[in-house]
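Take a look at the structure set out below.
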Amino acid sequence: MIAMEGSDVLLGITEVSIAFAGFTSIVGVLGHREGEGWGPEYRLRLWLMIESSLATLFFSLLPFVPFHFAFTETVVWASASAIMAIFLFIHLIIVGSRLRVLYRQRQWSTQRFESLNGGLILLTVVVQSMNALAVGFDRSFGPYLLGLILLLALASMHFVALLVAVYRLTPDDAQIPPGDD
């Protein structure tokens, strides 16, 4: 049987995305403080982390389906890139609208991080669209792999942001107890 180009790399990315989703679950459970509600920022950050991990998982496995239906690799990479671009474009619109609401309600702590995320998603949409349409790329594995790497970077950034949101120190937390000088 002929192996699909990059199949080992795709399976490796699948494993990493599963680990990210697992870490998110651990942080979500351990980070939830007894008696405190899940605030809107925390809920959205948790959702973004889980969603980005599962999206990476899905898109790392997606090319295997058309490949095993005997489509050419050109069709495999073009269709997978197109689906990724469409998904991320819709994601950008949905998350952008949720963030605008939270900004207006002053329930979101920073805009810089989200601007970086939005730029990263937009870059991924552009690269995947170009690969799907054979503009600058030849409907190949390389640009698709770049998209997956950018999705992993996005998942990593969401993981760090979730950690910061969960373990953000309050002024009381930063006080040094007496006798610990």
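At position 70 of the sequence shown (counting the first as 1) the number is 69 in numbering that gives the first Met the number 0, and the numbers step up by one without a gap.
C-beta: ideal position from N, C-alpha, C; glycine also.
Treat the numbers as computed from the prediction; the structure is a model and nothing was measured.
Scanning its chain for C-beta atoms nearer than 7 Å, with the 5 sequence neighbours on each side dropped, one finds around residue 13 the residues 56, 59 and 60, in chain order. Here the alpha carbons of residue 50 and residue 79 stand approximately 18 Å from one another. Contact between residue 153 and residue 120 holds, since their C-beta atoms are separated by about 7 Å, short of 8 Å. Shown here, residue 97 sits in a helix according to DSSP, grouped into three states. In the three-state scheme derived from DSSP, where H, G and I count as helix and E and B as strand, residue 17 is classed as helix. Residue 158 and residue 5 do not touch by the CB rule: their CB atoms are close to 24 Å apart, not below 8 Å. Distance check between residue 93 and each of 67, 47 and 64 places 47 closest, using alpha-carbon atoms only. Taking all protein chains in view, the Cβ of residue 2 is surrounded by fewer than 16 other Cβ atoms within 10 Å, so the residue is classified as exposed. For residue 146, the secondary structure class from DSSP, reduced to helix, strand or coil, is helix. Only buried fits residue 26, as 16 or more other CB atoms lie within 10 angstroms of its CB.
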